[in-house]
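Take the position in the sequence shown, starting the count at 1, then add 123; the result is the number in this note's numbering.
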Amino acid sequence: MDVSFFLALAMFAFVTSVTPGPNNIMLLASGAQFGFRRTLPHMLGIVLGVATLLLSTLLGLGALFTLYPPLYSVLKWVGCAYLLWLAWKIASAPVGALDSKPKNGKKRASPMRWWQALLFQYVNPKAWMMAIGCVSTFAIAGDLYVQSGVWMIVLFAAMGFPAIAVWAWAGVSIRRWLTDQRRQRLFNLCMGIATASTLLLIIGN
């Protein structure tokens with residue numbers, strides 16, 4: 124492995140992590156609604172989920188999609204159904220003062236927990252495509268297979284976290300604009316639609 128291997132892998136990890144997708148749209152919404160600090164567990168869960176997904180692919184789980192193509196179709200439609208549910212939750216999220224407690228006994232909205240974000244990666248077709256593409260492109264057969272696999276996981280964590288943090292910070296910036304309930308409802312609706320629209324990318328692959 125030479126410098127070009129690490130540069131190419133780092134670029135692949137950053138570009139695939141920073142481009143729009145279900146994870147980043149939800150981070151944008153979470154940053155706006157809950158702030159950066161409360162969104163950190165969500166980001167950590169994504170990084171850990173991608174790491175375990177890469178490890179699973181390296182161990183051969185990703186090869187099942189090649190051997191049994193219907194499995195990928197099942198994953199795709201399960202992921203689509205879950206994304207639609209998440210889109211509805213985002214679009215219908217309660218509004219009000221962002222830092223105030225809910226009134227009338229209503230349950231306070233909460234950001235996605237780290238383990239929920241981790242598990243979401245296993246029904247996120249974009250994450251699977253990213254993991255399979257990375258392993259098929261950068262895994263080095265033979266004695267360097269384990270070493271190259273370790274570097275995939277390390278560089279995806281190192282490049283992926285700042286890449287997705289950009290979306291959470293963007294949400295925090297939008298948070299300053301969400302000063303009344305009408306704007307909050309409009310933002311939640313737009314984020315719900317944006318989350319649902321990622322299905323077009325998933326279904327098209």
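In this text, a Cβ means the ideal position worked out from N, Cα and C, and glycines have one as well. Here the structure is a predicted model, which means the values were calculated and not measured.
- Closest in C-alpha terms to M149, from the list I297, L209, A281, I255, comes L209.
- As for any beta strand (DSSP E) of minimum length 3 sitting wholly inside the region 159-201, there is none.
- Between G172 and A280, the CB-CB gap reaches or exceeds 8 Å.
- In the three-state reduction of the DSSP assignment, V218 falls in the coil class, being assigned neither a helical nor a strand state.
- Under a 10 Å Cβ-count criterion, G265 is classified as exposed, with fewer than 16 other Cβ atoms of the shown protein chains found around its own Cβ.
- Looking at T162, A174, G283, the one whose alpha-carbon comes closest to that of S233 is T162.
- The continuous alpha helix (DSSP H) containing Q156 extends over residues 145-157.
- Cα atoms of S179 and A216: separation of roughly 34 Å, rounded to the nearest angstrom.
- Around the CB of M124, fewer than 16 other CB atoms lie within 10 Å, so the residue is classed as exposed.
- Nearest Cα to A291 within the set F310, G256, K199, R160: R160.
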